[in-house]
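Here the sequence shown is numbered in numbering that gives the first Met the number 0, starting from 0 and rising by one per residue.
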Amino acid sequence: MEQSATLDIETLKITQEQFILASQSLHLQRPGCEAVYPVGLYGWRKRCLYFFLLLLLVTMIVNLALTVWIIKVMNFSVDGMGNLQLSQDGIRLEGISEFLLPVYVNEIQSRRDSLLVLQSEKNVTLNARNSQGQLTGQLTVGSEGAMFGHSVETPLIQAKASKDLKLESPTRTLTMEAPRGVEVSATMGPLKVSGRKDLKLESTEGEILLDANSIQLGSLPLGIHTASPSQASQDQAVYEVCVCPSGKIYLSPAESTSTCQAMSNICLWS
Numbered sequence: 000m001e002q003s004a005t006l007d008i009e010t011l012k013i014t015q016e017q018f019i020l021a022s023q024s025l026h027l028q029r030p031g032c033e034a035v036y037p038v039g040l041y042g043w044r045k046r047c048l049y050f051f052l053l054l055l056l057v058t059m060i061v062n063l064a065l066t067v068w069i070i071k072v073m074n075f076s077v078d079g080m081g082n083l084q085l086s087q088d089g090i091r092l093e094g095i096s097e098f099l100l101p102v103y104v105n106e107i108q109s110r111r112d113s114l115l116v117l118q119s120e121k122n123v124t125l126n127a128r129n130s131q132g133q134l135t136g137q138l139t140v141g142s143e144g145a146m147f148g149h150s151v152e153t154p155l156i157q158a159k160a161s162k163d164l165k166l167e168s169p170t171r172t173l174t175m176e177a178p179r180g181v182e183v184s185a186t187m188g189p190l191k192v193s194g195r196k197d198l199k200l201e202s203t204e205g206e207i208l209l210d211a212n213s214i215q216l217g218s219l220p221l222g223i224h225t226a227s228p229s230q231a232s233q234d235q236a237v238y239e240v241c242v243c244p245s246g247k248i249y250l251s252p253a254e255s256t257s258t259c260q261a262m263s264n265i266c267l268w269s
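Now the structure itself:
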């Protein structure tokens with residue numbers, strides 16, 4: 000009886016071991032019974048994520064506030080920006096503006112009831128170019144006045160009150176011409192026209208009129224044939240003005256008849 004009981008206990012142990020091994024093999028073979036691990040952010044990672052989200056939110060709010068402030072300060076609208084208005088005809092700019100780079104426009108025009116003022120710390124230069132980019136005209140306004148690189152067409156050139164007006168060409172000729180005439184007048188002061196070489200007044204179809212109370216032609220040469228200039232200047236008090244065929248003007252002693260032909264030594268050397 001004792002032996003049979005011992006065998007039963009051993010058989011029972013073997014059966015329990017086989018059952019445990021079989022249950023473990025079945026548990027390993029089941030795909031749905033794999034180990035489950037917790038997923039998520041915990042600790043310092045979670046705090047860093049919240050910090051970055053808060054920083055992103057603050058940055059968005061600041062950018063939005065700056066954008067609204069810039070729109071309000073610059074006065075943006077559907078028509079333009081501040082004093083600068085855009086239209087189909089072009090750009091309209093009101094008030095004082097500063098340009099840091101060159102400006103290329105077809106036309107600059109002020110309003111009818113206001114002036115157009117261009118101001119610079121050094122000078123103001125306006126260039127005109129053709130389609131090939133070549134310089135065709137230039138206007139430079141600096142400390143020595145206005146300098147024109149090429150011809151200028153204008154209905155009026157006038158100086159300010161109590162200021163002198165001077166037209167000068169230091170290295171080239173100065174030419175003023177118009178199809179209906181050129182008028183040069185000085186209502187409150189003298190008018191002076193001078194040249195280093197020749198001064199030419201020419202009218203192709205009309206006349207040259209010198210209308211004044213007195214017309215003085217200084218430093219005219221004295222045409223002398225029979226006497227020396229010193230004797231003629233001492234004895235003669237009245238002279239007549241003669242003109243050579245070349246257009247040169249000289250003085251000749253006045254007598255009962257004209258002496259221009261007799262005193263023509265000036266014309267021989269002209």
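No residue lacks a Cβ here, since even glycine has one placed at the ideal position from N, Cα and C.
Annotation: Y49 is outside any beta strand (DSSP E); the continuous alpha helix (DSSP H) that includes it extends over 43-73.
If you compare the alpha carbons of A177, D197, N212, P220 with that of E204, the shortest gap goes to A177.
In this chain, the alpha helix (DSSP H) harbouring I265 covers 264-267. CA-to-CA, the gap between A158 and L164 works out to about 5 Å.
Distance from the Cα of D197 is smallest, within the candidate group S150, I207, N264, T174, for T174.
By the 16-neighbour rule on beta-carbons within 10 angstroms, L250 is buried. For Q215, the secondary structure class from DSSP, reduced to helix, strand or coil, is coil. Here the alpha carbons of T66 and I90 stand approximately 24 Å from one another. Assignment of R179 by DSSP, reduced to helix, strand and coil, places it in the coil class.
L209 and S142 have their alpha carbons spaced roughly 35 Å apart. Assignment of beta-bridge partners to N126 by DSSP yields Q137. A236 has no beta-bridge partner at all, per DSSP. Beta-bridge annotation (DSSP): V242 is paired with I248. Annotation: the continuous beta strand (DSSP E) that includes A145 extends over 144-147.
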